[in-house]
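K.L.:
Got a structure here, written out as structure tokens. Questions coming.
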Amino acid sequence: MKIIETIIKDIERYHAHIVENKEKEIIRRELLTEHIECTEKYFEILAKEKQLRKMLERFIEEMFEELSEEGTQFFWEMIKGIPLFHDLGKINPDFQKRAMQNSEITESNMFSHLGRKHSLLSAIMYIDYYKEELRRRVKAKADKEKLRPFIIYHSYVIAQHHSDLKDFQGFITLLKEKAGKDAIDIFLEGKCEAYQKEFRLTNQSLLNLLKTVDNTDWSKEQNIVLYAYVKLLYSFLVASDYYATTEFMSQMEIRQFGNLDEIEKWMDIYESTDVMKSVRNYQKEQYPKPIEKIGKKDMNDLRTEILTDAEKVLMENKNSSIFYLEAPTGSGKSNTAMDLSFQLVKNCGNLHKIYYIYPFNTLVEQNMENLRKVFGGSKEILEQITVINSLTPIKMSQRQKKAEEETEDTLYYQRALLDRQFLNYPMIISTHVSLFDVMFGNTKESAFGFHQLMNSVIVLDEIQSYKNGIWGEMIYFLKQFASLLNMKIIIMSATLPNLDILSGSTYKAVELMKNRDKYYSHVCFKNRVKISYELLMSPNIQEDLVRHVLKKATDGKKVLVEFIKKESASNFFECLKEKDNLPCDVEYMSGEDSIIERSRILHRIKESTRGIILVATQVVEAGVDIDMDIGYKNISKLDSEEQFMGRINRSCQREGEVYFFKLDEGSGIYRDGDIRIEKRFTLENDEMKNILLEKEFSLYYEKILDVLKRNRNDLSNDSGLDCFFENRVGKLNWFKVKEKMKLIEEDNWSMSVYLAREIDDGQGNKLDGKKLWQEYVELLKDFSMNYAKKKVKLSEVISKMNCFIYQIKRNSDLNYNDKVGEIFYIEEGEKYFKNGKLDRKKIQSEIGEFVDFI
1 MKIIETIIKD
11 IERYHAHIVE
21 NKEKEIIRRE
31 LLTEHIECTE
41 KYFEILAKEK
51 QLRKMLERFI
61 EEMFEELSEE
71 GTQFFWEMIK
81 GIPLFHDLGK
91 INPDFQKRAM
101 QNSEITESNM
111 FSHLGRKHSL
121 LSAIMYIDYY
131 KEELRRRVKA
141 KADKEKLRPF
151 IIYHSYVIAQ
161 HHSDLKDFQG
171 FITLLKEKAG
181 KDAIDIFLEG
191 KCEAYQKEFR
201 LTNQSLLNLL
211 KTVDNTDWSK
221 EQNIVLYAYV
231 KLLYSFLVAS
241 DYYATTEFMS
251 QMEIRQFGNL
261 DEIEKWMDIY
271 ESTDVMKSVR
281 NYQKEQYPKP
291 IEKIGKKDMN
301 DLRTEILTDA
311 EKVLMENKNS
321 SIFYLEAPTG
331 SGKSNTAMDL
341 SFQLVKNCGN
351 LHKIYYIYPF
361 NTLVEQNMEN
371 LRKVFGGSKE
381 ILEQITVINS
391 LTPIKMSQRQ
401 KKAEEETEDT
411 LYYQRALLDR
421 QFLNYPMIIS
431 THVSLFDVMF
441 GNTKESAFGF
451 HQLMNSVIVL
461 DEIQSYKNGI
471 WGEMIYFLKQ
481 FASLLNMKII
491 IMSATLPNLD
501 ILSGSTYKAV
511 ELMKNRDKYY
521 SHVCFKNRVK
531 ISYELLMSPN
541 IQEDLVRHVL
551 KKATDGKKVL
561 VEFIKKESAS
571 NFFECLKEKD
581 NLPCDVEYMS
591 GEDSIIERSR
601 ILHRIKESTR
611 GIILVATQVV
621 EAGVDIDMDI
631 GYKNISKLDS
641 EEQFMGRINR
651 SCQREGEVYF
661 FKLDEGSGIY
671 RDGDIRIEKR
681 FTLENDEMKN
691 ILLEKEFSLY
701 YEKILDVLKR
711 NRNDLSNDSG
721 LDCFFENRVG
731 KLNWFKVKEK
741 MKLIEEDNWS
751 MSVYLAREID
761 DGQGNKLDGK
771 KLWQEYVELL
781 KDFSMNYAKK
791 KVKLSEVISK
801 MNCFIYQIKR
811 NSDLNYNDKV
821 GEIFYIEEGE
831 KYFKNGKLDR
841 KKIQSEIGEF
851 VDFI
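All letters in the sequence shown, in the order written, are residues 1 to 854 by the UniProt record's numbering.
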């Protein structure tokens, strides 16, 4: 604070926040010094918790050939100066008089061109101070040249902390043109009486400083490191500012930051499960067992061999950042990943958070259920695990965002903190879309959680399930993020592309399965399902499929029929239901189903003795815990076919059969330019049939990656990888990066609707959706409740709310009763159901279309 007192005269006269009662009377004030001290406190706590100084050392190593000890220390002081200067611009008389109603400050229109805004003034003061300090205190010319651009980057972070991450070039323009020039002139001419330090920054010296940014020439990897560095500091500042403001508003210090500090407690419970006791016993007595001695009925032995092989390679390479886990469907990848993530936290010593990231919400829910089975006996640990189906935050309109800086509307701070508090958990289970929003989203709310990625283990499941047009960018980003932020990333799948082909030798990934063919060729995985293409060329597939399925669905058989379009699946289900004298039960599953409905269906399948036909969408492909006898599938991507086959004869106790057919074109579903849907890469090509039979997915991905490399990586024009990293990432064009790294295109964007009604929770209890919503809203409004208690209560309520939430295509004309965040509340939900299932036609006519492919 001494720095600030030398810059601002009578700083104790200035205010940062006020609290008003319902009558708009001010009941409390926060001094500017108090807010800066509190923000600095939280910044330092986060810096210590997240080991920010070590990150700076890694950053320097990546960006500079060399930086002296003196230069490194000054760099660190520049970082610590960000929270100190972030709100100094609140000395703006217009802000003090109008927003703070501060009678001690004389009214002045000196900054009338800025109105009540203050962030740009804070940034300019930061530039002036550190430009002079760098000149005065750092002796080596080479050090000065390296550090000058970062005065601008840091000032940019300060300037943006009340807004989204806007184009960096726009900030440069703002400094050069009227707003920046006028502010600099006012300081230079001594018109700002609050500013007592000699102001030496001129418009010309600023231009010279800005040229140092233009003159940087960084590599592809360095551009990513810069992107992560700036976003990280922005995240630190925004989070610290939110914590400080919330402490003032609620008069309660925030103490929980979601670190996994007691890994031994977690591992003791995990290792005491029957599965892990069996694994450890096998490791002592039987591992390694020759593969030829593992029989068809020894599936658990195979799973243990795979886990042990992976664990062994992981420990030999624990200092690496990226790991590939390629193992067959049904081989226990989820448990292996849990073991590996715990081993990394235990043995690396500087990892404090675990993320399990899945492609679909259904997998998120299922894996949370698995964790409940493991840790259900420990309430203390279970309360440290959270599910985030969507990290889409509370969004503000542009008008609200503008008002925030001008009025310091602290209610928004509390809402945003509440919305993001779920990142303050040691273990998080979420989706790829959610993770990518944190990594690549340009909103302030998205970036709020970016610092929480530091020192973490991230397990990415089925990363190939999204559009392959960004695989090259994705692996470059992941490798550099992992290096800078001290992350360990395990990428796992049954059909895993070797993404190193797209990213070269930089931070080469470690393959945890050194001999994957040993397992893929085993009878339990390679020959457990007989494949038939007899329906693939059928000219009357709808009629033929019905006949074929009914013929096979006898003698208590469990039959799975998957379509790639919801409409086709729904129509087929209705067609079967209309048949007389069905030989078995019939169920329908899609992404529309609630958790309770899905659990009911899965339970019925497991308990069925009469036989059952499950008609489903692609929701059954990955991770759904079912074991069927016979499968039918509309062809799509080859990796999807393998995932589907993993649902058939999963236990390897009998003969399984799979029949592929073609009713709907994959190109009509996957509209993101994914080349895997081209006929040459599907089962319409005999070569692909052989690859599927022999499980030679590396051959398949070699062809895919070769096309991707030629189509994008090696291009030197605007569509090429180098251009993207130089002109978008390195130039900090956040919006363009976000647009490029979107996993789901806008025409597939969805919205969450909450259909309030009374339901049975599957355990004989009634759930009232309307009362539950009211409880949720009241909880959100209650800022007096203890922070930890509120987290637990919200977690409990939200888990129940998921039973009423459905995804539909975005509809701007939706008629709703209430809205919180991105959840739209519709009161009379019962009318949209028929025989306990969603009435698809009614909901489409009155509310909107469902997202078609989930």
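No residue lacks a Cβ here, since even glycine has one placed at the ideal position from N, Cα and C.
Would you check if the distance between the CB atom of residue 804 and the CB atom of residue 829 is smaller than 8 angstroms?
P.N.:
Translated into the one-based positions of the sequence shown, residue 804 becomes position 804. Translated into the one-based positions of the sequence shown, residue 829 becomes position 829. Yes, the pair counts as a contact, with Cβ atoms nearer than the cut-off.
K.L.:
Under 8 angstroms, with one C-beta from each stretch per pair, do the segment 640-659 and the segment 703-710 reach the 3-pair mark?
P.N.:
no
K.L.:
Pick out whichever of 589, 551 and 728 has its Cα sitting closest to the Cα of residue 224.
P.N.:
For the purposes of this step, residue 224 is taken as residue 224 along the sequence shown, with counting starting at 1. Checked all of 589, 551 and 728; the closest Cα to residue 224 is 728.
K.L.:
For residue 8 and residue 97, what's the separation of their Cα atoms in angstroms?
P.N.:
To locate residue 8, count along the sequence shown from 1; it is residue 8. To locate residue 97, count along the sequence shown from 1; it is residue 97. When rounded, the distance between both Cα atoms is 18 angstroms.
K.L.:
What do you get for residue 303, buried or exposed, if any count of 16 or more other CB atoms within 10 angstroms of its CB means buried?
P.N.:
Looking up residue 303 in the sequence shown gives position 303. Residue 303 should be labelled buried.
K.L.:
Tell me which residue opens and which closes the alpha helix (DSSP H) that residue 768 is part of.
P.N.:
Translated into positions along the sequence shown, residue 768 becomes position 768. Judged by DSSP secondary structure, residue 768 falls outside any alpha helix (DSSP H) and instead within the beta strand (DSSP E) spanning 766-768.
K.L.:
Could you pull the start and end residues of the alpha helix (DSSP H) that residue 81 belongs to?
P.N.:
Residue numbering aside, residue 81 sits at position 81 when the sequence shown is read from its first letter. First-last of the alpha helix (DSSP H) with residue 81: 69-85.
K.L.:
Ordered along the chain, which non-local residues of its own chain (more than five positions away) have a Cβ less than 8 angstroms from that of residue 545?
P.N.:
Translated into positions along the sequence shown, residue 545 becomes position 545. Answer for residue 545: 535, 538, 561, 572, 632, 661 and 663, listed in chain order.
K.L.:
Can you tell me whether DSSP reads residue 752 as helix, strand or coil?
P.N.:
What you label residue 752 is simply residue 752 of the sequence shown in a count that begins at 1. Correct three-state label for residue 752: strand.
K.L.:
May I ask which residues mark the beginning and end of the alpha helix (DSSP H) holding residue 432?
P.N.:
Counting from 1 along the sequence shown, the entry for residue 432 is found at position 432. From DSSP, the alpha helix (DSSP H) with residue 432 extends over 432-440.
K.L.:
If we require 4 or more residues per run, which alpha helix (DSSP H) segments fall completely within the segment 656-734?
P.N.:
686-694, 697-708 and 721-724
K.L.:
Quick one, are the C-beta atoms of residue 138 and residue 131 less than 8 angstroms apart?
P.N.:
Position 138 of the sequence shown, counting from 1, holds the residue named residue 138. Position 131 of the sequence shown, counting from 1, holds the residue named residue 131. Contact: no.
K.L.:
For residue 842, which residues of its own chain have a beta-carbon under 8 angstroms away from its beta-carbon, when the five flanking residues on both sides are left out?
P.N.:
In the sequence shown, the residue the question calls residue 842 occupies position 842. Excluding residues within five positions, the ones whose Cβ falls inside 8 angstroms are 831, 832 and 834.
K.L.:
Buried or exposed: which applies to residue 570, given that a residue is buried once 16 or more other Cβ atoms fall within 10 Å of its Cβ?
P.N.:
Walking along the sequence shown from the start, residue 570 turns up at place 570. Flag for residue 570 reads buried.
K.L.:
Return the Cβ separation of residue 192 and residue 110 in integer angstroms, given the expectation that the two are a contact with Cβ distance under 8 angstroms.
P.N.:
Counting from one through the sequence shown, the residue named residue 192 turns up at place 192. Counting from one through the sequence shown, the residue named residue 110 turns up at place 110. Between residue 110 and residue 192 the Cβ distance is about 6 angstroms, and since that is below 8 angstroms, they are a contact.
K.L.:
Can you list, in chain order, the residues of its chain with a C-beta nearer than 8 angstroms to that of residue 283? Leave out the 5 residues immediately preceding and following it.
P.N.:
Counting from 1 along the sequence shown, the entry for residue 283 is found at position 283. Counting only Cβ-Cβ distances below 8 angstroms, and skipping sequence neighbours, we find 304 and 308.
K.L.:
Once you ignore the five residues that flank residue 220 on each side, which residues in its own chain have a CB closer than 8 angstroms to its CB?
P.N.:
For the purposes of this step, residue 220 is identified with residue 220 of the sequence shown, where counting begins at 1. So the qualifying residues of the chain are 476, 721, 722, 725 and 726.
K.L.:
Would you check if the segment 431-447 and the segment 158-165 touch, i.e. whether three or more CB-CB distances between them fall below 8 angstroms?
P.N.:
yes
K.L.:
Could you please give me the residues that DSSP links to residue 486 through a beta bridge?
P.N.:
To locate residue 486, count along the sequence shown from 1; it is residue 486. In DSSP, residue 486 forms no bridge with anything.
K.L.:
Here's the rule: buried if 16 or more other CB atoms are within 10 angstroms of the residue's CB, otherwise exposed. What is residue 364?
P.N.:
Translated into positions along the sequence shown, residue 364 becomes position 364. Burial call: buried.
K.L.:
Check whether the Cβ atoms of residue 354 and residue 260 lie closer than 8 angstroms to each other.
P.N.:
Translated into the one-based positions of the sequence shown, residue 354 becomes position 354. Translated into the one-based positions of the sequence shown, residue 260 becomes position 260. It is a contact, given that the beta carbons lie within the stated cut-off.
K.L.:
Using a threshold of 8 angstroms, state whether the C-beta atoms of residue 371 and residue 457 are closer than that.
P.N.:
Here the question's residue 371 lines up with position 371 in the sequence shown. Here the question's residue 457 lines up with position 457 in the sequence shown. Against a cut-off of 8 angstroms, the Cβ pair of residue 457 and residue 371 comes out as no contact.
K.L.:
Under the assumption that residue 630 contacts residue 552 (Cβ atoms under 8 angstroms), give the Cβ distance between them as a whole number of angstroms.
P.N.:
One-based indexing of the sequence shown puts residue 630 at position 630. One-based indexing of the sequence shown puts residue 552 at position 552. About 5 angstroms; that satisfies the 8 angstroms criterion.
K.L.:
Give the straight-line distance between the Cα atoms of residue 413 and residue 37, rounded to the nearest whole angstrom.
P.N.:
The residue you call residue 413 lines up with position 413 of the sequence shown. The residue you call residue 37 lines up with position 37 of the sequence shown. Residue confidence is low: residue 413 scores 49 on pLDDT, short of 50, so the model does not pin down where it sits. No coordinate-derived value is stated.
K.L.:
In whole angstroms, what separates the C-alpha of residue 20 from that of residue 248?
P.N.:
Working through the sequence shown from its first residue, we reach residue 20 at position 20. Working through the sequence shown from its first residue, we reach residue 248 at position 248. Spanning the two alpha carbons is a distance of roughly 13 angstroms.
K.L.:
Below 8 angstroms on the Cβ atoms is my guess for residue 710 versus residue 362; work out the distance and round it to an integer in Å.
P.N.:
Translated into positions along the sequence shown, residue 710 becomes position 710. Translated into positions along the sequence shown, residue 362 becomes position 362. Contact flag wrong, Cβ pair sits at about 35 angstroms.
K.L.:
How long is the line joining the alpha carbons of residue 519 and residue 525, rounded to whole angstroms?
P.N.:
Here residue 519 refers to the residue found at position 519 of the sequence shown. Here residue 525 refers to the residue found at position 525 of the sequence shown. When rounded, the distance between both Cα atoms is 7 angstroms.
K.L.:
Which whole-angstrom value is the C-beta distance of residue 306 and residue 522, which I expect to be below 8 angstroms?
P.N.:
The count along the sequence shown starts at 1 and reaches residue 306 at position 306. The count along the sequence shown starts at 1 and reaches residue 522 at position 522. Not confirmed; about 10 angstroms, so no contact.
K.L.:
I need the boundaries of the beta strand (DSSP E) containing residue 549, first residue and last residue.
P.N.:
Stepping through the sequence shown from its first residue, residue 549 is reached at position 549. It is not in any beta strand (DSSP E) - residue 549 instead sits in the alpha helix (DSSP H) that spans 541-552.
K.L.:
Could you pull out every residue in the same chain whose Cβ sits closer than 8 angstroms to the Cβ of residue 129, ignoring the five residues on either side in sequence?
P.N.:
As a position in the sequence shown, residue 129 is number 129, starting the count at 1. Here the set comprises 3, 7, 81, 85 and 197.
K.L.:
Please state if the CB of residue 323 and the CB of residue 490 are separated by a distance shorter than 8 angstroms.
P.N.:
What you label residue 490 is simply residue 490 of the sequence shown in a count that begins at 1. What you label residue 323 is simply residue 323 of the sequence shown in a count that begins at 1. Taking 8 angstroms as the Cβ cut-off, residue 490 and residue 323 qualify as a contacting pair.
K.L.:
My parser needs the beta strand (DSSP E) runs of 3 or more residues fully inside the segment 309-347; what are they?
P.N.:
322-326
K.L.:
Rounding to the nearest angstrom, what Cα-Cα distance links residue 122 and residue 802 in this structure?
P.N.:
Locating residue 122 in the sequence shown gives position 122, where the first residue counts as 1. Locating residue 802 in the sequence shown gives position 802, where the first residue counts as 1. Cα to Cα, the separation comes out at about 43 angstroms.
K.L.:
Return helix, strand or coil for residue 99, following the three-state DSSP convention.
P.N.:
Sequence index remark: in the sequence shown, residue 99 carries index 99 (1-based). Of the three classes helix, strand and coil, the one that applies to residue 99 here is helix, per DSSP.
K.L.:
Taking the beta strand (DSSP E) that residue 30 falls in, what are its first and last residues?
P.N.:
As a working mapping, residue 30 is identified with position 30 in the sequence shown. First-last of the beta strand (DSSP E) with residue 30: 26-31.
K.L.:
Take the Cβ of residue 784 as the centre, count every other Cβ of all protein chains shown within 10 Å, and call the residue buried at 16 or more, exposed below.
P.N.:
For the purposes of this step, residue 784 is taken as the residue at position 784 of the sequence shown. Exposed, by the Cβ-count rule.
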